[in-house]
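Data block below; observations after.
In the UniProt record's numbering, the protein residues as written are 1 to 134.
See the structure below:
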């Protein structure tokens, strides 16, 4: 089976930084609910595309940057994105064997776990909101 071409690390970091910018881009109040998890989706993509080059370290660094930009407790997003990259590394060997529908369901589960851990951390920190708009 032919190997995929090697992607330069600069392209990977630029796409992750673009996703970070899209993640923190201000939107109107009514549209905040429909914002996709850009950084999580891009991190999942690169962890599945090049698992030997993108991993937990990238998730941790992007999480620290997200914490600094949003002003949350330092390490909150870092833990979430590092956990997401770790879970991607765990499911990577099986991911490519799944159909497209199964892959999208797995991405939904990974992002759902990320949201669940984020809500759990917000509860511990004391920044908890009871509405389901998260």
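Using N, Cα and C, we set each Cβ at its ideal position, and we do this for glycine too. None of the values given here were measured: they were computed from a predicted structure.
Who are the near neighbours of residue 111 in its chain, counting only those whose CB is closer than 6 Å to its CB and skipping five residues on each side? Working through the chain shown from its first residue, we reach residue 111 at position 111. When the five nearest sequence neighbours on each side are left out, the beta carbons in the same chain lying within less than 6 Å of the beta carbon of residue 111 are those of 37 and 40, in order along the chain.
DSSP three-state label for residue 67, please. Translated into positions along the chain shown, residue 67 becomes position 67. Per DSSP, reduced to three states, the secondary structure at residue 67 is helical.
Which of the three DSSP states is assigned to residue 93 in this structure? Along the chain shown, one-based indexing puts residue 93 at 93. Note: residue 93 maps to helix in three-state DSSP.
Does the region 46-61 come into contact with the region 5-17, if we say contact requires no fewer than three beta-carbon pairs (one atom in each stretch) closer than 8 Å? Taking one beta carbon from each stretch, the region 46-61 and the region 5-17 have 3 or more pairs nearer than 8 Å; the two touch.
Taking just the CA atoms, how far does residue 67 sit from residue 17? The residue labelled residue 17 in the question sits at position 17 within the chain shown. The residue labelled residue 67 in the question sits at position 67 within the chain shown. Straight-line Cα distance between these residues: approximately 14 Å.
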